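The opening position of the sequence shown corresponds to residue 533 in this note's numbering, with each subsequent residue numbered one higher.
Beneath this line is the structure, given in structure tokens, with notes to follow.
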Amino acid sequence: MAEIEFVFGEEIFEVSRYVENKITPYAAGERDIFEGQFDINSAIQSTASHGLFSEKKIVILKNPWFLKKAMSDNELQSLDTFMTEAKKSPFHVLIYNFGAVDQRKKTITRVKKHAKTIVFSPFKDWEQDKILHWIMTYAKKNGKKMDQKAALALEEIGGSDLRQLASEIQKCAVYVGERPTISAEDIQSLCAPQSASIFDLNQSMKKNKTTDILKNIHHLIKQGEDAIKLLGLISANYRLYLQLLLLKSEGKSLDECGKRLGKNSFFLKTIMSEIQSVYTIPKLKQALIQAADADMLIKTGKMKPELAVSRVILKESES
Numbered sequence: 533m534a535e536i537e538f539v540f541g542e543e544i545f546e547v548s549r550y551v552e553n554k555i556t557p558y559a560a561g562e563r564d565i566f567e568g569q570f571d572i573n574s575a576i577q578s579t580a581s582h583g584l585f586s587e588k589k590i591v592i593l594k595n596p597w598f599l600k601k602a603m604s605d606n607e608l609q610s611l612d613t614f615m616t617e618a619k620k621s622p623f624h625v626l627i628y629n630f631g632a633v634d635q636r637k638k639t640i641t642r643v644k645k646h647a648k649t650i651v652f653s654p655f656k657d658w659e660q661d662k663i664l665h666w667i668m669t670y671a672k673k674n675g676k677k678m679d680q681k682a683a684l685a686l687e688e689i690g691g692s693d694l695r696q697l698a699s700e701i702q703k704c705a706v707y708v709g710e711r712p713t714i715s716a717e718d719i720q721s722l723c724a725p726q727s728a729s730i731f732d733l734n735q736s737m738k739k740n741k742t743t744d745i746l747k748n749i750h751h752l753i754k755q756g757e758d759a760i761k762l763l764g765l766i767s768a769n770y771r772l773y774l775q776l777l778l779l780k781s782e783g784k785s786l787d788e789c790g791k792r793l794g795k796n797s798f799f800l801k802t803i804m805s806e807i808q809s810v811y812t813i814p815k816l817k818q819a820l821i822q823a824a825d826a827d828m829l830i831k832t833g834k835m836k837p838e839l840a841v842s843r844v845i846l847k848e849s850e851s
């Protein structure tokens, strides 16, 4: 019996990795690839045409059209035939799509009925521990160890963008050479200039150093970073600081804060040690109001983006 796999998801990097691992064992002549718009009958013939050259083959349906377009009754019947024949064939069958699919559609239901379904979804903002685990696991696959401090430094740079995180890990792995460990210092010294300034922006915000914050904002916008995206990052930082100080005022431990906020407790400890002496709850509440006002000013065209974002930082320092 054939193994039929149906792989998709918005986490494109993980879909790509999974597909590559599945396809690599097969030589070019052992791969039948159908991509985009194609005749399903051709795929049916592929699952049946064995024994001519090799018993080893993989039939690949890459971003097949029927996952996104409505099918006629005849086309649905052809799809059913393909899935049935694929199940009886001795070959591995891989159906994959870069991006999400509407799992409520009849087409998807038909495919899932016969295939092992694997979905790769992006990490959510509150799944920091999962991101850190992914970073350390990927580093291990590249022959290197990373401690929690180093993983946090990289997560602060790359967020949940797995492609960027993987690229930075690979770069660090080459840089450290025979050394078995990638340190936080390695990450900070090797990351790309734009990423480094995002890291520096976060660091300067934790210390509430107005001059450094404004310098990093200007540097990022000059490099082409979107001002609204930066404003979102600044707002997210202020919101996290406020939530952390509010929970601390309620007597919550860092472990309890971590569970409530979906953040790693070690990460929260590093933030708390810096923000509690430079921020207050009233100042952070006011900063969030200023950020919301700046967002409106930018979107309505009443103020230039860089000026509006900088104004948030200046207002916060004055309050």
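Each residue gets a CB set at the ideal place from its N, CA and C atoms; glycine is no exception.
In this text, all values refer to a predicted model and were calculated from it rather than measured experimentally.
**Q.** Whole-number beta carbon distance between Lys589 and Phe623, since they are thought to touch under 8 Å
**A.** 5 Å
**Q.** Pick from Val625, Pro557 and Ser842 that is closest to Ala819, judged by C-alpha positions
**A.** Ser842
(Q) Quick check: what's the CA-CA separation for Met603 versus Asp571? (A) 12 Å
Q: Grab me the residues of Ala685's own chain with a C-beta within less than 7 Å of its C-beta, minus the 5 sequence neighbours each way, in chain order.
A: Ala716, Ile719 and Gln720
Q: Check whether the Cβ atoms of Ile689 and Cys723 lie closer than 7 Å to each other.
A: yes
Q.
Taking 8 Å as the limit between beta carbons, can you name the residues of its chain near Asn573, skipping five residues before and five after?
A. Closer than 8 Å at Cβ, skipping near neighbours: Ser610.
Q: Could you tell me whether any non-hydrogen atom of the ligand NAD is closer than 6 Å to the CB of Thr639?
A: For the ligand NAD, the structure offers nothing, since it holds no ligand at all.
Q | Cβ pair Phe545, Thr649 closer than 7 Å | A | no
Q) Does the distance from the CB of Ile749 to the CB of Leu777 come in under 7 Å? A) No; because the gap between Cβ atoms is not below 7 Å, this pair is not in contact.
Q) According to DSSP, is Lys681 helix, strand or coil? A) helix
Q. Alpha carbon to alpha carbon, what distance is there between Leu829 and Thr669?
A. 43 Å
Q. Under 7 Å between the Cβ atoms of Met525 and Asn769?
A. No answer is possible for residue 525: the residues shown for the chain start at 533 and end at 851.
Q) Who are the near neighbours of Phe663 in its chain, counting only those whose CB is closer than 7 Å to its CB and skipping five residues on each side? A) Here the sequence assigns Ile to residue 663, which means Phe is not the residue at that position. These residues qualify, in order along the chain: Phe655, Glu687 and Ser692.
Q) For His646, which of Lys817, Lys601, Asp825 and Met615 has the nearest alpha-carbon? A) Met615
Q. If you draw a straight line from the alpha carbon of Ala682 to that of Ile714, how long is it in whole angstroms?
A. 7 Å
**Q.** Range covered by the alpha helix (DSSP H) that runs through Thr743
**A.** Thr742 to Lys754
Q) Among residues of its own chain, excluding the 5 on either side of Val633, which ones have a beta-carbon nearer than 8 Å to its beta-carbon? A) Cβ neighbours of Val633 beyond the five flanking positions: Phe540, Leu599, Lys600 and Ile640.
Q.
Excluding the 5 residues flanking Gln660 on each side, which residues of the same chain have their C-beta closer than 6 Å to its C-beta?
A. Lys795 and Asn796
Q: Assign Asn629 to one of three DSSP states: helix, strand, or coil.
A: Strand, per DSSP.
**Q.** Pairwise C-alpha distance: Leu774 and Glu700
**A.** Their backbone Cα atoms lie some 31 Å apart in a straight line.
Q: Please go through the stretch 778-831 and give each complete alpha helix (DSSP H) segment of 4 or more residues, from N-terminal end onward.
A: 786-793, 797-807 and 813-831
Q: Pull up the CB-CB distance for Asp827 and Leu763, whole angstroms please, since I reckon it's below 8 Å.
A: Going by Cβ atoms, the distance from Asp827 to Leu763 rounds to 6 Å, so yes, they are a contact pair.
Q | Buried/exposed call for Gly561, threshold 16 Cβ in 10 Å | A | exposed
Q | Opposing strand residues paired with Val539 [DSSP bridges] | A | Tyr628 and Ile650
Q | Thr556 in three-state terms, based on DSSP | A | coil
Q: With DSSP as the reference, please indicate the residues paired to Val591 in a beta bridge.
A: Asp564 and Val625
Q. If you follow the alpha helix (DSSP H) that Gln609 is part of, which residue opens it and which one closes it?
A. Counted as a single uninterrupted DSSP element, the alpha helix (DSSP H) harbouring Gln609 occupies residues Asp605 to Lys620.
Q | alpha helix (DSSP H) segment containing Leu722, residue limits | A | Counted as a single uninterrupted DSSP element, the alpha helix (DSSP H) harbouring Leu722 occupies residues Ala716 to Leu722.
Q) How many Å lie between Trp658 and Leu793 at the Cα? A) 7 Å
Q: Determine the direct distance from the alpha carbon of Cys704 to that of Lys672, and round the result to whole angstroms.
A: 12 Å
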